[in-house]
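In what follows, a structure is listed as structure tokens, so that the remarks can point back to it.
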Amino acid sequence: MSYLEITQDEPAEATDGVWLTCIECGETFAPFEGIRYTCDDCDGLLEVRYADLPTFEDFGDEASAFHGGVWRYSAALPFDTGVTLPEGNTPLHEVPRLEAEVGVERLRVKHEGMNPTGSFKDRGMTVGVRVAQEVGVDRLACASTGNTSAALSAYGSRAGLEVLVLLPEGKVAAGKIAQASLHGAHILEVDGNFDRCLDIVQNLADRGEAYLLNSLNPFRLEGQKTIGLEIMEQFRDEEGHFPDRIVLPVGNAGNTAALYKCFRELEASGAIDAEDVPKLTGVQAEGSAPMVEAIEKGWDHVERWADVETIATAIRIGNPVNAPKALPGIRETDGTAVAVSDDEITDAQRTLAEEGVGVEPASATSIAGLRKLREEGEIGADESVVCLTTGHLLKDPDAAVAAGTEPEPVPDDTDKVLEHLRS
Ligand code: F0G
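Start counting at 1 in the sequence shown, then tack on 575, and there's your number in this note's numbering.
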């Protein structure tokens, strides 16, 4: 059985038509009995599987659905609702000047920074923390470049559970630490990068010290799948067809994996045809681009980069753990991956800001990547494209101030202010 086939006969372990399947060996597991993040037999990544896959008609409308947003798509999720703030239902911005500059048929920007804690991670946490309640744990944990920790801290607190976060010391943007801190997480700053934080928190989870809510946890990706569902519905309703391509930042490659799962499920249910699946196009920063390397070299795995560096600290990641799910996603949808420089990221962040859309550096990689691939002719002028922006401008105030205009001191006097303006 191939990972690409999303449908399979319901195994005896299933609970209410939901189970876990190993993407490497096909072994199946009960969804909420016992705690596992990878396959017991071969350590492969796990994927949530369903006996029934919904079409668009199975989703509630915004007004009637319980809490709207992510949970409007409960027919595609393991529960009817979860620990919600609520999340999802984010804008799909028009960016006419950028669209004209880049020169594509249509460009829309899906701003995930408009979620409750300011990033797409909320979509994963509303489901993940619900599962934590189901399996019965009292301490939640994650390693994070910042946004996952902010989301887990908020959703864990909301659920009344203890939260432990491991952050790479000195490499997490101020807004994100502020969030984890105020929501009352136990914050450990590790003298190592994100990948080392993840190694350690995985070891703690394996020893039963905490329930792991990084994107290695397959339930997180179920919530993030709803980004794809929203994009497909919003674009179809407003543009009359589905987008040709989705361009997104890549760190641990969870979102890439989640979007690919979304499209495989929609295709299997008959909601879309094979040719409707958007080309998944991943963007990384040049200083941390192991996925781009794997795509360019045709590898079926990524080689871990020990040293990574970029202004886009959210995606300062050298060992994308979801690569076994995400590499096929990029290849099978006829997408690609590209690396962009820190200067290109900052330029893209400014350009989006000129359209009124404020994002953090990692988010701007999608725009920088689109620009580069368009210049190289890899993306055609006839394409309709959605760029995903994953986190809000206020997440990283220092990067925003460095990229923006300088405040100028003036005296407390109208004439002197006018003088200053005219000088
Ligand atoms: N953009 C932002 C703003 C992020 O915070 C992340 C990941 C990504 C993109 C990459 O997404 O991992 O699904 O490929 N941030 C994680 C964190 C690693 O800890 O907050 P991915």
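All residues carry an ideal CB built from backbone N, CA and C; glycine is no exception.
A heavy atom of the ligand F0G is found nearer than 7 Å to the CB of Val825. Secondary structure remark: continuous beta strand (DSSP E) runs of at least 3 residues inside the segment 899–932, in chain order: 911–915.
Judged by the Cβ position, Glu797 fails to qualify as a neighbour of the ligand F0G at the 7 Å threshold, every heavy atom of the ligand being at least this far. The continuous alpha helix (DSSP H) containing Ala753 extends over residues Ala749 to Leu757.
Buried is the label assigned to Leu787, since at least 16 other Cβ atoms lie within 10 Å of its Cβ.
Looking at the DSSP output, Val858 sits in a beta bridge with Pro824 and Val913. Looking only at Gly635, Leu902, Trp594 and Glu744, the smallest Cα-Cα distance to Ala605 is reached by Trp594. Counting C-beta pairs with one atom in each stretch, the segment 970–984 and the segment 734–748 have three or more that are closer than 8 Å, which means they touch.
The Cβ-Cβ distance between Val913 and Lys947 falls below 8 Å. Per the DSSP secondary-structure output, Arg681 pairs in a beta bridge with Ser959. Excluding its 5 nearest sequence neighbours in each direction, Ile806 has C-beta neighbours in its own chain below 6 Å: Lys685 and Val961, listed in chain order.
Counting along the chain, the unbroken beta strand (DSSP E) around Ile762 starts and ends at His761 to Val765. Taking 7 Å as the cut-off, the C-beta of Ser938 counts as close to a heavy atom of the ligand F0G. Thr989 counts as exposed, since fewer than 16 other C-beta atoms from the protein chains shown sit within 10 angstroms of its C-beta. The closest heavy atom of the ligand F0G lies less than 7 Å from the beta carbon of Ile892. Between the alpha carbons of Lys696 and Gly688 lies a distance of about 10 Å. Glu878 and Lys900 have their C-alpha atoms roughly 15 Å apart. With a cutoff of 8 Å on beta-carbon distance, Ser959 and Arg681 are scored as near each other.
Put simply, the backbone Cα of Leu628 is about 23 Å away from that of Tyr612. Counting only the Cα atoms, Glu602 lies some 12 Å from Gln583. Annotated as proximal: Thr885 and Asp917, with beta-carbon spacing under 8 Å.
Its chain contains Thr692 and His758 as the residues whose beta carbon lies nearer than 6 Å to that of Ala729, once the 5 sequence neighbours on both sides are disregarded; these appear in chain order.
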